[in-house]
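Residue numbers (this note's numbering): 321 to 561.
Backbone N, C-alpha and C fix where the C-beta goes; we use that ideal spot for every residue, glycine too.
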């Protein structure tokens with residue numbers, strides 16, 4: 321039997337596993353194993369979801385846990401998506417878009433604005449009392465899942481979307497757009513269930529059901545669709561509230 325003190329450390333252990341997965345994911349990016357990066361981020365997102373659930377179960381909603389959770393998220397859901405977009409930009413036809421080598425040296429690092437805005441988003445979340453039961457702006461895990469789905473689509477659906485995903489203009493615009501979405505004032509519902517009540521969680525259940533259908537049909541190509549659907553359903557929910 322674990323003592324009450326040890327039980328309250330379980331969420332911090334799960335958060336540490338999130339961070340550990342994020343660290344390995346970064347290494348995988350720069351070793352050109354983007355598929356492993358995506359799987360590690362899926363695992364990190366699982367630990368990120370689990371640590372909050374376990375914290376509520378064991379009554380360990382400490383300020384320390386809140387801070388270490390954000391620090392872990394900066395790596396797994398901040399550094400990793402920036403690194404993935406950086407790597408994709410290196411794989412793209414950037415030299416054709418920016419022939420000047422000196423200018424290209426600076427342009428290739430633009431995707432790391434995702435990392436900067438992820439850190440800003442996490443700091444904002446910690447201080448914003450409006451985000452206790454829902455989100456304002458795109459959550460960093462959702463943003464990261466969208467980003468890591470891009471190399472998975474390249475790998476598992478070769479030739480179908482290469483022209484789009486490896487287009488440097490597309491990658492740069494997506495980096496800027498996602499950075500904006502992270503700190504936007506768009507209210508989005510949370511997927512962390514406080515109860516299983518159908519009426520209370522109707523939009524969450526709709527999203528999950530549609531996500532299962534889309535992933536079954538389109539595999540990893542469905543992930544960007546699911547994130548877009550998440551934003552649209554949140555907007556509809558807010559309009560109906």
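**Report entry** Residues that DSSP places opposite residue 431 in a beta bridge
**Finding:** As a first step, residue 431 must be located in the chain shown, where it is residue number 111. Note: residue 431 sits in no beta bridge, so no partner.
Requested in this report: Report back the beta-carbon spacing between residue 544 and residue 469 to the nearest angstrom; my notes put them in contact at under 8 Å.
Outcome: Your numbering for residue 544 matches position 224 in the chain shown. Your numbering for residue 469 matches position 149 in the chain shown. So it is a contact: roughly 6 Å between Cβ atoms.
Query raised in the report: Could you check where the alpha helix (DSSP H) with residue 454 kicks off and where it finishes?
Result: By 1-based counting over the chain shown, the position of residue 454 is 134. Counting along the chain, residue 454 falls outside any alpha helix (DSSP H), though it belongs to the beta strand (DSSP E) covering 454-456.
Query raised in the report: So what's residue 415 in DSSP terms, helix, strand or just coil?
Result: Taking the chain shown and counting its residues from 1, the one referred to as residue 415 is at position 95. Residue 415 falls in the helix class under three-state DSSP.
Query raised in the report: Any contact of the segment 382-389 with the segment 430-438, i.e. 3+ C-beta pairs under 8 Å?
Result: no
**Report entry** Minimum length 4: unbroken alpha helix (DSSP H) runs contained in the segment 328-394
**Finding:** 330-350, 354-378 and 383-394
Query raised in the report: Hey, is residue 372 close to the ligand GDP, as in C-beta under 7 Å from one of its heavy atoms?
Result: In the structure on display, the ligand GDP does not appear, and there are no ligands present to speak of.
Requested in this report: Determine the direct distance from the alpha carbon of residue 492 to that of residue 348, and round the result to whole angstroms.
Outcome: Mapped onto the chain shown, residue 348 falls at position 28. Mapped onto the chain shown, residue 492 falls at position 172. If I take the Cα positions, the gap works out to 22 Å.
Requested in this report: Enumerate in chain order the residues of its own chain whose CB-to-CB distance from residue 450 is below 8 Å, with the five nearest sequence positions on each side excluded.
Outcome: Stepping through the chain shown from its first residue, residue 450 is reached at position 130. Contacts found: 456.
Query raised in the report: residue 411 to residue 381, Cα distance in whole Å?
Result: Reading the chain shown from its first residue, position 91 is the one you call residue 411. Reading the chain shown from its first residue, position 61 is the one you call residue 381. For residue 411 and residue 381, the distance between alpha carbons rounds to 43 Å.
Query - Simplified DSSP state of residue 507, which is helix, strand or coil - result: The residue labelled residue 507 in the question sits at position 187 within the chain shown. In this structure, residue 507 counts as strand in the three-state DSSP scheme.
**Report entry** Stretch pair the segment 551-560 + the segment 469-484: three plus CB contacts closer than 8 Å
**Finding:** no
Requested in this report: Just the C-alpha distance for residue 557 and residue 331, rounded to the nearest angstrom, thanks.
Outcome: In the chain shown, residue 557 corresponds to position 237, counting from 1. In the chain shown, residue 331 corresponds to position 11, counting from 1. Cα to Cα, the separation comes out at about 31 Å.
Query raised in the report: Using DSSP with H/G/I as helix, E/B as strand and the rest coil, what is residue 486?
Result: If you number the chain shown from 1, residue 486 lands on position 166. Three-state DSSP puts residue 486 in coil, outside helix and strand.
Query raised in the report: Rounded C-beta distance between residue 400 and residue 464? I'm assuming under 8 Å.
Result: Here residue 400 is taken as the residue at index 80 of the chain shown, counted from 1. Here residue 464 is taken as the residue at index 144 of the chain shown, counted from 1. Indeed, because the Cβ distance is near 6 Å, the residues count as touching under 8 Å.
Report task. Would you decide whether residue 501 is buried or exposed? Buried here means 16 or more other CB atoms lie within 10 Å of its CB. Result -> As a first step, residue 501 must be located in the chain shown, where it is residue number 181. Under this definition residue 501 is a buried residue.
Query - Backbone CA spacing between residue 338 and residue 370 [nearest angstrom] - result: Translated into the one-based positions of the chain shown, residue 338 becomes position 18. Translated into the one-based positions of the chain shown, residue 370 becomes position 50. One C-alpha to the other measures close to 10 Å.
Query raised in the report: In its own chain, which residues sit with a C-beta less than 6 Å from the C-beta of residue 352, not counting the 5 before and 5 after it?
Result: Locating residue 352 in the chain shown gives position 32, where the first residue counts as 1. Within the same chain, residue 352 has no close Cβ partners at all.
Requested in this report: May I have the straight-line CA-CA distance separating residue 534 from residue 404, to the nearest angstrom?
Outcome: Start at 1 with the first residue of the chain shown, and residue 534 comes out as number 214. Start at 1 with the first residue of the chain shown, and residue 404 comes out as number 84. Distance between the alpha carbons of residue 534 and residue 404 is about 24 Å.
Query raised in the report: Span of the alpha helix (DSSP H) holding residue 478?
Result: For the purposes of this step, residue 478 is taken as residue 158 along the chain shown, with counting starting at 1. Per DSSP, residue 478 belongs to no alpha helix (DSSP H) and is neither H nor E.
Requested in this report: Name the residue from 350, 376, 345 and 374 whose alpha carbon lies nearest to the alpha carbon of residue 361.
Outcome: The residue labelled residue 361 in the question sits at position 41 within the chain shown. Comparing Cα positions, the closest option is 345.
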